[in-house]
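Worksheet for the structure shown next.
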Amino acid sequence: MKNICLLGSTGSIGTNALKIIKNNPDRYRIIALGGGRNIDLLLNQIKEFKPLFAVVINSRLANELKSKLNNDTNIEILYGAKGYSEIASLSDVNLAIAAMTGSAGLLPTFSAITAGKDVALANKETLVMAGSLLINESKKSGVNIFPIDSEHSAIYQSIQGHSREDLKKIILTGSGGPFKDSPIEKLSTATPKEALKHPKWKMGRKISIDSATMMNKGLEAIEAKWLFNVEMDQIEILLHPQSIIHSMVEYMDGSIIAQLAPTDMRIPISYALSYPRHLKVDLPSLDLLDIKTLSFERPDKKRFRCLSLALAAGKIGESMPAVLNAANEIGVKAFLEGKIGFLEIPQVIEKTLEKHKTFPLNSIEQAIEVDQWAKSRATEILREMGRK
6 MKNICLLGST GSIGTNALKI IKNNPDRYRI IALGGGRNID LLLNQIKEFK PLFAVVINSR
66 LANELKSKLN NDTNIEILYG AKGYSEIASL SDVNLAIAAM TGSAGLLPTF SAITAGKDVA
126 LANKETLVMA GSLLINESKK SGVNIFPIDS EHSAIYQSIQ GHSREDLKKI ILTGSGGPFK
186 DSPIEKLSTA TPKEALKHPK WKMGRKISID SATMMNKGLE AIEAKWLFNV EMDQIEILLH
246 PQSIIHSMVE YMDGSIIAQL APTDMRIPIS YALSYPRHLK VDLPSLDLLD IKTLSFERPD
306 KKRFRCLSLA LAAGKIGESM PAVLNAANEI GVKAFLEGKI GFLEIPQVIE KTLEKHKTFP
366 LNSIEQAIEV DQWAKSRATE ILREMGRK
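With positions in the sequence shown counted from 1, the corresponding number in the numbering used here is that position plus 5.
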């Protein structure tokens with residue numbers, strides 16, 4: 006029986022993880038739930054899974070949740086960054102699922118690792134912001150990091166039983182998002198509603214926009230660098246519109262190992278929870294006879310400026326990826342709020358990167374300071390652009 010802390014329980018990954026946990030009551034037990042602003046959903050999750058702890062983002066929501074629970078359950082309600090970190094490092098927890106969105110996931114994920122907990126990682130921003138710190142701490146604590154991203158799960162599965170020294174390169178695949186074939190001149194007028202329509206995956210709002218800009222693939226490349234101990238030059242990105250091959254690994258002898266699966270996040274979530282097992286997931290199997298084509302192409306770097314910025318920041322390393330991530334969060338938020346156009350997202354990021362002088366990150370506190378600086382600078386850039 007694995008005792009689980011689920012950070013980000015009310016988001017897309019979190020709700021799918023709970024489906025897996027619900028279907029395997031003999032294997033998993035929820036000890037703590039960390040939600041966001043969706044109190045009603047969190048309330049339902051508490052009633053169903055009966056955790057000992059629950060966390061929300063602030064004291065007002067904590068009081069609201071307590072009021073709605075009306076002392077019906079024996080549960081401790083916490084709030085804020087301290088609360089998330091506290092439940093991630095509980096003594097009873099074996100596995101922390103890091104499914105919070107954005108930089109907010111950094112501290113609780115680091116707390117879990119420091120406390121010796123295995124982590125099922127969906128929050129790629131933590132490794133982008135402070136990859137060296139998290140990987141070094143995981144080695145020191147002797148814990149495993151199981152990737153939940155479908156691409157990194159595919160890579161993780163493709164390296165099992167193979168010598169790491171024989172690995173030549175990692176091939177990350179991506180659908181190209183909703184604008185892969187749109188005329189570039191029309192992207193300036195693309196709306197949030199259009200950008201949120203991913204052709205293959207059902208995801209949260211922020212990651213859907215990252216997929217439309219292909220920033221997501223750039224962040225995944227940086228994440229892969231740390232997870233699999235490779236150089237950025239060993240990572241190739243290919244568009245694969247069918248989204249059937251989730252990623253591949255090429256070895257020195259020319260062999261390429263790939264993982265194929267339906268486009269459903271419950272598959273990589275289940276693998277991260279049950280490693281090394283492949284437990285039954287209630288989904289239709291991939292019908293190979295229905296697959297007519299598996300096609301690949303290189304991404305257009307003019308169309309996907311965010312991808313180029315991410316890969317460049319990943320090569321520079323040190324504090325630059327943290328700045329990239331923070332500026333992207335501000336740019337995406339502004340786009341979703343209708344304050345800037347789709348093509349202005351990379352402009353905000355690039356201008357923020359230009360203002361930063363990179364340096365090595367020696368602590369999580371430094372990573373958080375860089376994150377705060379970059380968000381402040383990106384917000385200033387929005388004002389300079391005439392946006393508020």
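Beta carbons: idealized from backbone N, C-alpha and C, even for Gly. Because the structure is a prediction, the values reported are computed rather than measured.
The shortest CA-to-CA distance from Ile250 to any of Lys205, Gly319, Ala327 and Gln165 is the one to Lys205.
Exclusion of the five residues before and after Met219 leaves Gly179, Gly182, Pro304, Phe309, Cys311 and Leu312 as the residues of its chain whose Cβ lies within less than 7 Å of its Cβ.
Contact between Ser108 and Ala93 is ruled out by a C-beta separation of about 15 Å, above the 8 Å threshold. Here DSSP, grouped into helix, strand and coil, assigns Asn149 to coil.
Between His203 and Ser193, the C-beta gap is not smaller than 7 Å, which leaves the two residues out of contact. In this structure, the alpha-carbon of Val98 lies about 25 Å from that of Ile373.
Using a Cβ-Cβ distance cut-off of 8 Å, the segment 315-333 and the segment 254-262 are not in contact, since fewer than three pairs of beta carbons, one from each stretch, lie closer than that value.
The criterion of a C-beta distance shorter than 7 Å is not satisfied by Leu244 and Glu199. With a cutoff of 7 Å on beta-carbon distance, Phe151 and Tyr280 are scored as near each other. Every alpha helix (DSSP H) stretch that sits fully inside the segment 281-337 and reaches 4 residues is listed by chain position as 310-321. Annotation for Val61: the continuous beta strand (DSSP E) segment containing it runs Phe58 to Val61. Between Val133 and Pro273, the C-beta spacing is not below 7 Å. For Leu66 and Arg42, the gap between their C-alpha atoms comes out near 7 Å.
Note that the C-beta distance between Ser158 and Tyr33 is not below 7 Å. If you look at Thr178, you'll find it in the beta strand (DSSP E) that goes Leu172 to Gly179. For Lys7, the enclosing beta strand (DSSP E) begins and ends at Lys7 to Leu12.
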